[in-house]
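A short worksheet on the structure shown next.
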Amino acid sequence: MIASSVGVTLVVAAAGFAGAAARQDPASGRTGTMVNACTNPVLERDLWGWGPQNNGAPAARVPVKAHVVAEYAYFQSKANGADPQMYLPQKRVTPGDSWTFAMDTWVKGPATGVSARMQVDWFDEAGKNLGHDDGADVPVPSSAEEKWTRVAGDFTAPENAATANVTARLEAPAGMAWTSTACDYRPADLAPDPGASGAEPSSPPSSSADPSSPVEPPEADPSADPSTEPDESAEPVAPAASGDTAAAKFNWGAPAWTDDFTGNAPSKDWGLYDAPGHQHGNRKPENCQVSGGTLKLVSEPNRDTCGMAHKRTQTHGRWEARVKSTGSGWMSLFIIWPDPGDWPANGEYDWREHEAGGKCYTGYIHYPGHTPKRQEKLPDNCAAGGTAQWHNIAYEWTATRMAGFVDGKLWYEFDCKATEDLCRMPAGHLTIQNDDQGSGPGNSAVTEVDWVRGWDV
C-alpha cells in the first residue's frame, strides 16, 4: 500500500432516482435537499438543461456555499421581470406514471411575500404539446443570505406522453434575484425518508468554505465567461488523500475483506484470466503484477492484457478502491459480474469505466432480465487531474439503491424501486479489467490499484 497524497475537493453530480429530504445541518448552517436526482442536478460543470423563460433574466452558473450538497446553482439576476420563469432539465416519462418534480430555490430582493411552483408541459414522441399542468404554490422567504426552500409538485403523465418539460415560476414583482439548484425527479409514491437505509448519505459533503459567510450570487454580465467554469488547461492538482473515502464519510464500518497488494503477486483471493485471443485482448496472468505496494494491470501494444476476478460472491455490497490509470487506447474497468454468469440475463454493473488516462469517469449499469440488453449510462465525473491521478472510487448496491462515489462524494444514485429491476442481479463478484474495445492494438496502458475493500450489507 503506497503513501497517500494531498486532498482536493471535487464537484460531483448525482443521477438516477433517489429519495430526498429537505434539511438543515445546524452544525454547518447548510440547508437544502440532500440527494439530487435529475440530469445535471447541481450544475457541476455547466448550465446544461437550465435556462430562463417568460420574463426570466439572462442566466449564469454561480458558486454557492450554504447548500447541503450543491456547490453551484442556476442564477437569474434582479433584472427579472414580474413572475419570471425558468426551465429545468427534461424528463422522459411513461403515460400514467406519477412524478414529483422538485428543486431547491433561494430568492433575494425587496418583496417578502413571494411563492414558487413547479410546472410541466407534456409532449409526445413526435413533439406535439399535450398540455400544461401547474404544481402547488410554495411560499419562499426572501433572504439576503443563502436560504434554500424546497419547491415540489406532483404530476401524472397524460396519455401518449413521452417527455416532461419541467419549468418553475416565481410569483413575484420585477427586480427579484432568483437562484435554484438540486433538481430532484422521482416517482410521486417514493416519499422522502431521511431515516431509511440508503435514502440519504449519513452526513453532508464537507467543504472548506466558511458557512458563516454565505455567498451572494454575482450580478455580473451573464454573457461573460463564468469564472467558475473548469480550467482544463490548468496543471494537474494533487489527488484526494487516501482518507477521502466514501467508507469513512458514510460510516460503512469495517470491511469484510481488503487487499493492500503488499506482496509480489496477486493473492489467492483473485482468479486471473487466461484467455488468449479473447475479443477484449489476450488476457494473460503475467500481465497482472504486484510490486511496490500496488497492483498493476498492464496492457501492451500486442493486445496482451490483464483481467482478474475476486472469488467472493455476494448479493448486495459495497466496494471501494484507490486507483489511477495511465496510457491510452485501453478501457479500464471495475465491474460487478453476475453469478451465475448468464449475460445479459443476469445483468452487469460496470461501475467505473473509462479510457486509461482519460479526463472523466463514467460507466454502464446493465439491467438484469432484459434481452436485448438495456442499460443506464453513468454521468461523466471529471475528477481533479483526471483518471491518471489517484482517486478513491466507490460503489454501493443494496436492495433499495445503487450509488457511486468519487473521493467520498456522491457521484450518481438510482432508486431501485423507481428503476424496475435494475438492482436485481441474483449475486455477483468484483472484477478488474483492462479491455481492448477497438483501440488497444498499438497502445499501452496501466491501471494501478493501491488498495481495494469490500463490505457486506
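Counted the way mature numbering (1 follows the signal peptide of the UniProt record, and there is no 0) counts, the sequence shown spans residues -20 to -1, 1 to 437.
We put the beta carbon where it would ideally sit given N, CA and C, even for glycine.
Since this is a predicted model, take the numbers as computed values, not measurements.
Coil, strand or helix - Lys229 by DSSP: Reduced to three states, the DSSP call for Lys229 is helix.
Residue closest to Asp436, alpha-carbon to alpha-carbon, out of Gly111, Ala325 and Leu410: Closest option to Asp436, judged by alpha-carbon separation, among Gly111, Ala325 and Leu410: Leu410.
Per DSSP, cross-strand counterpart(s) of Tyr52: Pro43
Rounded straight-line distance, which links the Cα of Gly309 to that of Pro21: 31 Å
Minimum C-alpha distance to Phe385 - residue among Ala227, Ala379, Pro265 and His350: It is Ala227 whose Cα lies nearest to the Cα of Phe385.
Where Glu376 falls, given that 16 or more other Cβ within 10 Å makes a residue buried: buried
Residue nearest to Tyr78 in terms of C-alpha spacing, selected from Thr85, Asp164 and Thr136: The sequence given here has Ser at residue 78, not Tyr. That would be Thr136, whose Cα lies nearest to the Cα of Ser78.
Best match in Gln259, Gly36, Thr159 and Ala62 for proximity to Met83 [C-alpha to C-alpha]: The residue among Gln259, Gly36, Thr159 and Ala62 with its C-alpha nearest the C-alpha of Met83 is Thr159.
Runs of beta strand (DSSP E) wholly within the region 100 to 153 (minimum 3 residues, chain order): 109 to 114, 118 to 120, 129 to 136 and 143 to 151
Environment of Thr92 [buried if 16+ CB atoms lie within 10 Å]: exposed
Sub-9 Å separation of Tyr253 and Ala148 beta-carbons: Going by C-beta atoms, Tyr253 is not nearer than 9 Å to Ala148.
Nearest candidate by alpha-carbon position, reference Ala363, set Arg404, Lys304 and Gly418: Of the candidates Arg404, Lys304 and Gly418, the one whose C-alpha sits nearest the C-alpha of Ala363 is Lys304.
Ser271 to Ser419 span [Cα, whole Å]: 27 Å
Host beta strand (DSSP E) of Val426 (start-end): Its beta strand (DSSP E) spans residues Ala425 to Trp435.
Closest by C-alpha distance to Thr161, when choosing among Asp240, Val100, Asp330 and Lys45: Lys45
Residue burial classification, Pro210 (beta-carbon count within 10 angstroms, cutoff 16): Only weak support is given to the placement of Pro210: the predicted model assigns it a pLDDT of 33, under 50, and the value that follows is read from those uncertain coordinates. Pro210 comes out exposed.
According to DSSP, residues forming a beta bridge with Tyr341: For Tyr341, the beta-bridge partners assigned by DSSP are Asn361.
Assumed close pair Thr434, Pro235 - CB separation to whole angstroms, cut-off 8 Å: Before going on, a small fix: residue 434 reads as Gly here, not Thr. Correct: roughly 6 Å between the Cβ atoms.
Through-space distance from Thr293 to Cys286, alpha-carbon basis: 21 Å
Residue range of the unbroken beta strand (DSSP E) whose run includes His290: Gly287 to His290
Unbroken beta strand (DSSP E) run spanning Ala91, endpoints: First-last for Ala91: undefined, no H or E at that position.
Helix, strand or coil at Gly(-5) [DSSP, three-state]: Note that Gly(-5) has pLDDT 31, beneath the 50 cutoff, so the model's placement of it is unreliable and no number is given.
DSSP three-state assignment for Pro281, whether helix, strand or coil: Three-state result, Pro281: coil.
DSSP three-state assignment for Asn267, whether helix, strand or coil: helix
Cβ neighbours of Thr129 in the same chain (closer than 6 Å, five flanking residues each side left out): Thr85 and Val120
Beta carbon of Tyr344 nearer than 9 Å to that of Glu328: yes
First and last residue of the uninterrupted beta strand (DSSP E) at Asp336: Sequence inspection shows Ala at residue 336; the Asp mentioned does not correspond to that position. The continuous stretches of beta strand (DSSP E) do not include Ala336, and DSSP gives it neither H nor E.
Contact the region 140 to 155 vs the region 98 to 113: 3+ CB pairs below 8 Å: yes
Short Cβ contact (9 Å threshold) for Thr225 with Asn361: no
Cβ-based burial, Asp415 [other Cβ within 10 Å; buried from 16]: Answer is buried; the Cβ neighbour count reaches 16.
Gly366 to Asp113 span [Cα, whole Å]: Rounded to whole angstroms, Gly366 to Asp113 spans 42 Å at the Cα level.
Between the CA atoms of Lys71 and Gly337 - distance to the nearest angstrom: 32 Å
Helix, strand or coil at Lys58 according to DSSP, with G and I counted as helix: coil
Cβ neighbour criterion (16 or more within 10 Å) applied to Thr74: exposed
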